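Undergrad: According to this note's numbering, the stretch in the sequence shown is residues 1055 to 1372, in order.
Where a beta carbon is used, it is the ideal one built from N, C-alpha and C, also for glycine.
Computed from a predicted model, the values in this text were never measured in an experiment.
The structure under discussion is supplied below as structure tokens; questions concerning it will follow.
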Amino acid sequence: MSAVDDFQNTGGGPAGTAGRPDGPRRRPARGFRAFAARRPVTAFLVVALPLGWALLAVPALTFHGVLPGGEIPSEPFALALTLLVMLPTALWVVSVTDGRAGVRALLARAVRWRFGLGWWAVVVLGMPVTSVAVGAGLGRFVGTGDLAGALVDALVFVLVAVVVINLWEETVWAGFVQTRLEPRYGLLPAALLTALGFAAIHLPMLFATDLTASSVLVGIGVLLIAAVVLRLLIGMVLGATAGSVLAVAVLHATWNASQSEGQLVDTLLSGGQPVLEAVLAVTLLAVAAALVLRPRPGPVGPHGEESDTHHGRASATS
């Protein structure tokens, strides 16, 4: 975990509240609480990874007959991991480092909807439109016979996904982990480190199917590549939307709708899970966002973070 030995609190709450205790002065933290104060992201991973692996291993173990139950869906276990393990752990760590003000600042970003219409178009339409365009460019047939029905189904899927899981998942990974790492390591390293944690916790889901050595290696490779590129795009969207977790939650949901079997892009491209198309699409979007958001000279904060006028990032970094 040495590569993820993140910095101590550098401003997780509203401007001017970093490191300021809420109310009366508290006694110095001890034990794991003290460790969380020094290494917030590492402390989160120490708790979330083993519990996540234990939860997400259940569908794989039942699929292969190690546990009774046969083939069971992994989605309820992923939801339990997000709502019962990752989110409470992240909020607890933020409360240790930044107090109640830091927790409020983080949760406020989950409902931050005031950002440009252009970026709303990017997070809502960017993935599905680009994925379909990539599929057409690769020679796949684009069927529009039931376009209205497919769009309604996709809208319902995205809305439910955002409210039920993606908003809280991205509160953890984008709002807490990635935003904390970026001021110290920079956009690309922070995206890479966050992607490693994100991919690692999802690894057991790759085993809930028939396996070969090659299929496992390919699955891990695709997961890592997709996670890195998606996290890079998410980092840029965070910077362009004043740190809106809502924006990246919608982006995450449209990513899922673009690469999952039976969802919008799969329907429009007449079947065949469009993972390649989605990975190429998110790569193109990341390149386009990087060109649009090319850094401009601006002041640099005391911890190496860029000012709001330079990068568009909100001052809260919880």
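1) Would you call the CB atoms of residue 1295 and residue 1166 closer than 9 Å?
2) What do you get for residue 1255, buried or exposed, if any count of 16 or more other CB atoms within 10 angstroms of its CB means buried?
3) In terms of residues, what are the limits of the alpha helix (DSSP H) holding residue 1113?
4) Okay, do the segment 1320-1338 and the segment 1187-1198 touch, 3+ Cβ pairs below 8 Å being the bar?
5) Would the segment 1270-1277 and the segment 1117-1137 be scored as touching if the rule is three or more Cβ pairs under 8 Å?
6) With DSSP as the reference, label residue 1066 as helix, strand or coil.
7) If you compare alpha carbons, which of 1239, 1285, 1173 and 1238 is closest to residue 1250?
8) Please tell me whether residue 1133 and residue 1211 are closer than 9 Å, where the distance is taken between their beta carbons.
9) Measure the beta-carbon distance from residue 1215 to residue 1252 and round it to whole angstroms, keeping in mind my assumption that it falls under 8 Å.
10) If I follow the unbroken alpha helix (DSSP H) through residue 1224, where does it start and stop?
11) Taking 9 Å as the threshold (C-beta atoms), are residue 1154 and residue 1229 in contact?
12) For a test of the three-state rule: what should DSSP assign to residue 1327, helix, strand or coil?
13) Name the residue from 1315, 1263 and 1312 whose alpha carbon lies nearest to the alpha carbon of residue 1115.
14) Got a sec? Which residues, its chain only, sit under 6 Å from residue 1288 by beta carbon, not counting five neighbours each side?
15) Tell me the residue span of the alpha helix (DSSP H) that contains residue 1206.
16) Note down the Cα distance separating residue 1242 from residue 1191, rounded to an integer number of angstroms.
17) In whole angstroms, give me the CA-to-CA distance for residue 1130 and residue 1197.
18) At the level of alpha carbons, what is the spacing between residue 1356 and residue 1110?
19) What does the alpha-carbon distance come out to for the pair residue 1199 and residue 1236?
20) Which of helix, strand or coil does DSSP assign to residue 1316?
21) Measure the Cβ-Cβ separation of residue 1147 and residue 1094 and say whether it is below 9 Å.
22) Please report the distance separating the alpha-carbon of residue 1090 from that of residue 1283.
23) Assuming residue 1098 and residue 1231 make a contact with CB atoms under 8 Å, what is their CB distance in whole Å?
24) Within this structure, are the beta carbons of residue 1225 and residue 1159 separated by less than 9 Å?
25) I think residue 1233 touches residue 1292, with their Cβ atoms under 8 Å apart; what is that distance to the nearest whole Å?
26) Let's see if you can read the secondary structure: which residues bound the alpha helix (DSSP H) around residue 1264?
27) How is the alpha helix (DSSP H) around residue 1129 delimited, first residue to last?
28) Along the chain, where does the alpha helix (DSSP H) that runs through residue 1143 open and close?
29) Are the CB atoms of residue 1290 and residue 1340 within a distance shorter than 9 Å?
TA: From the atom records:
1) A Cβ-Cβ contact shorter than 9 Å links residue 1295 with residue 1166.
2) So residue 1255 ends up on the buried side.
3) Residue range 1094-1117 is occupied by the alpha helix (DSSP H) that includes residue 1113.
4) Taking 8 Å as the limit for Cβ pairs, the verdict is that the segment 1187-1198 does touch the segment 1320-1338.
5) No, the segment 1270-1277 is not in contact with the segment 1117-1137.
6) No answer about residue 1066 holds up, because its pLDDT of 41 lies below 50 and its placement is not dependable.
7) Nearest to residue 1250 by alpha-carbon distance, out of 1239, 1285, 1173 and 1238, is 1285.
8) The answer is no: Cβ separation not under 9 Å.
9) With a contact defined as Cβ atoms closer than 8 Å, residue 1215 and residue 1252 miss out at about 16 Å.
10) Judged by DSSP secondary structure, residue 1224 falls within the alpha helix (DSSP H) whose first and last residues are 1221-1224.
11) For the pair residue 1229 and residue 1154, the CB atoms are not nearer than the 9 Å cut-off.
12) For residue 1327, the secondary structure class from DSSP, reduced to helix, strand or coil, is coil.
13) If we check each option's Cα against that of residue 1115, 1263 comes out closest.
14) Cβ-Cβ distances below 6 Å link residue 1288 to 1228 and 1302 in the same chain, with the five nearest sequence neighbours on each side left out; the list follows chain order.
15) In this chain, the alpha helix (DSSP H) harbouring residue 1206 covers 1201-1215.
16) Cα to Cα, the separation comes out at about 29 Å.
17) Annotation: residue 1130 to residue 1197 spans about 32 Å, alpha carbon to alpha carbon.
18) At residue 1356, the pLDDT of 34 sits below 50, so the modelled position is not reliable; the number obtained from the coordinates is stated separately. If you take the alpha carbons of residue 1356 and residue 1110, they lie about 40 Å apart.
19) Spanning the two alpha carbons is a distance of roughly 44 Å.
20) If DSSP states are grouped into helix, strand and coil, residue 1316 belongs with coil.
21) Going by C-beta atoms, residue 1147 is nearer than 9 Å to residue 1094.
22) Each residue's alpha carbon lies about 28 Å from the other.
23) The pair is a contact, with the Cβ atoms about 7 Å apart (cut-off 8 Å).
24) Cβ distance not < 9 Å, so residue 1225 and residue 1159 don't count as in contact.
25) In this structure residue 1233 touches residue 1292 by the C-beta definition: roughly 7 Å separates them, less than 8 Å.
26) Taken as a continuous stretch (DSSP letters only), residue 1264 belongs to no alpha helix (DSSP H), as it is neither H nor E.
27) It spans 1129-1134 - the alpha helix (DSSP H) in which residue 1129 sits, taken as one unbroken run.
28) Per DSSP, the continuous alpha helix (DSSP H) segment holding residue 1143 begins and ends at 1141-1163.
29) Going by C-beta atoms, residue 1340 is nearer than 9 Å to residue 1290.
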